[in-house]
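Structure first, commentary second.
In my numbering, the protein residues as written are 14 to 334.
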């Protein structure tokens, strides 16, 4: 694994994959078979996994055609071992699991660096557009939400997806502004948040608002829930699942599923004693607490500061946990 990390660190890439050493460690027992990268991005994790395991093949899924085109070139040397698929990972994963039995699944739920850095994609506070689509061809974009959603729905999004205590005040400010003329840039939207919301240290006041809108645009929590439901339905033998989250909503969702899958007893909490047989665990959590970036990685890649990795391994057939 250390040699793979050295090779990776010496390569040229526009994207630094977060928690790479932890990801490689979670897959260290892999021998041969299929790995699915549900969020291929710019193939940072996938490239390192392919280097570390010469007997695996890999399917990479991503919504973004630009990311897939870049990754196709980056993984050219491993073209005989890879297949790249454009689409929502929730839908594509179902298709794959109907015919394949993978040994590992990875998903990094963060926005890629190039999506954040390319201002025309509308993810940046300084962007002159208002888009935020991971798939540029998707019908819904941030402009539609900001300029056409009713105030009550904006409040709900800001409260539920952004955990913004001043959701009503922020929604009202947006509605008041768009009555005069449409809000057309992310930069303008960020300025509204800056006027309305409190500053939180070094965190930009618009951070949670942008998170909430991005989640709505891309149905991010719905995608994660669908992925977890699909894994629960198919649960391939001995499958290792490693998922990287970037905020509390994602992490709580993953944690709750993993805890449910690890539970041996499914009797009601009020039951005086176990009567279910206590053999219902689907597998085990490989790390009870999420793994985070060390200080060196956080310094080199500030976007890793909020990243958390949780891993789970489904049962081998016939073996109880």
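Virtual Cβ for every residue (Gly too), placed ideally from N, Cα, C.
Keep in mind it's a predicted model, so treat the numbers as computed, not measured.
Neighbourhood of residue i by C-beta, 6 Å cutoff - its chain only, sequence neighbours within 5 removed
| i | result |
| --- | --- |
| residue 156 | 143 |
| residue 191 | 160 |
| residue 167 | 184 |
| residue 52 | 120 and 121 |
| residue 147 | 76, 77 and 231 |
| residue 315 | none |
| residue 186 | 205 and 209 |
| residue 355 | The structure shown does not extend to residue 355, since the chain spans only 14 to 334, so no value can be given for it. |
| residue 165 | none |
| residue 285 | none |
| residue 207 | 218 |
| residue 181 | 168 |
| residue 261 | none |
| residue 310 | 317 |
Rounded Cβ spacing between residue i and residue j (contact assumed at less than 8 Å)
| i | j | result |
| --- | --- | --- |
| residue 240 | residue 320 | 18 Å between Cβ atoms; not a contact. |
| residue 37 | residue 59 | With a Cβ gap of about 11 Å, residue 37 and residue 59 do not count as contacting. |
| residue 159 | residue 202 | 6 Å |
| residue 62 | residue 40 | 6 Å |
| residue 249 | residue 115 | 6 Å |
| residue 125 | residue 54 | 4 Å |
| residue 243 | residue 96 | With a Cβ gap of about 19 Å, residue 243 and residue 96 do not count as contacting. |
| residue 47 | residue 105 | Going by Cβ atoms, the distance from residue 47 to residue 105 rounds to 13 Å, so no, they are not a contact pair. |
| residue 99 | residue 81 | 6 Å |
| residue 49 | residue 118 | 5 Å |
Same chain only: Cβ atoms within 8 Å of residue i, ignoring 5 sequence neighbours per side
| i | result |
| --- | --- |
| residue 211 | 179 and 218 |
| residue 236 | 101, 102 and 103 |
| residue 263 | 122, 233, 234 and 237 |
| residue 275 | 294, 295, 296, 297, 298, 325 and 334 |
| residue 289 | 278, 279 and 280 |
| residue 271 | 298, 323 and 325 |
| residue 195 | 156 and 160 |
| residue 172 | 180 |
| residue 151 | 76, 230 and 231 |
| residue 94 | 63, 69, 70 and 71 |
Bounding residues of the alpha helix (DSSP H) (the contiguous stretch that carries residue i)
| i | result |
| --- | --- |
| residue 157 | 155-161 |
| residue 200 | 199-209 |
| residue 169 | 164-175 |
| residue 227 | 220-231 |
| residue 66 | That residue, residue 66, is in no alpha helix (DSSP H); it is neither H nor E in DSSP. |
| residue 36 | 33-39 |
| residue 80 | 78-87 |
Cβ neighbours of residue i in the same chain (closer than 7 Å, five flanking residues each side left out)
| i | result |
| --- | --- |
| residue 229 | 158, 170 and 174 |
| residue 327 | 248, 249, 250, 251, 252, 295 and 296 |
| residue 44 | 68 |
| residue 139 | 132 and 200 |
| residue 32 | 257, 304, 306, 317, 320 and 322 |
| residue 300 | 323 and 324 |
| residue 135 | 142, 143, 144, 145, 155 and 199 |
| residue 56 | 73, 84, 87 and 88 |
| residue 163 | none |
Run of the beta strand (DSSP E) containing residue i, from where it starts to where it stops
| i | result |
| --- | --- |
| residue 321 | 321-327 |
| residue 73 | 69-75 |
| residue 99 | 95-99 |
| residue 178 | Looking at the DSSP string, residue 178 is not in any beta strand (DSSP E), and its letter there is neither H nor E. |
| residue 48 | 46-50 |
| residue 254 | 253-258 |
The stretch 295-302 / the stretch 220-238 touching (three or more Cβ pairs under 8 Å)
Fewer than three beta-carbon pairs drawn from the stretch 295-302 and the stretch 220-238 are found closer than 8 Å, and the two stretches are therefore not classed as touching.
Return the chain-ordered ranges of every alpha helix (DSSP H) run that is complete within the stretch 102-155 and spans a minimum of 4 residues.
As far as the stretch 102-155 is concerned, its whole alpha helix (DSSP H) runs of at least 4 residues are 102-110 and 126-130.
In the stretch 275-317, which residue ranges form an unbroken alpha helix (DSSP H) of at least 4 residues, counting only runs that do not cross its ends?
Fully enclosed alpha helix (DSSP H) runs of 4 or longer: 308-313.
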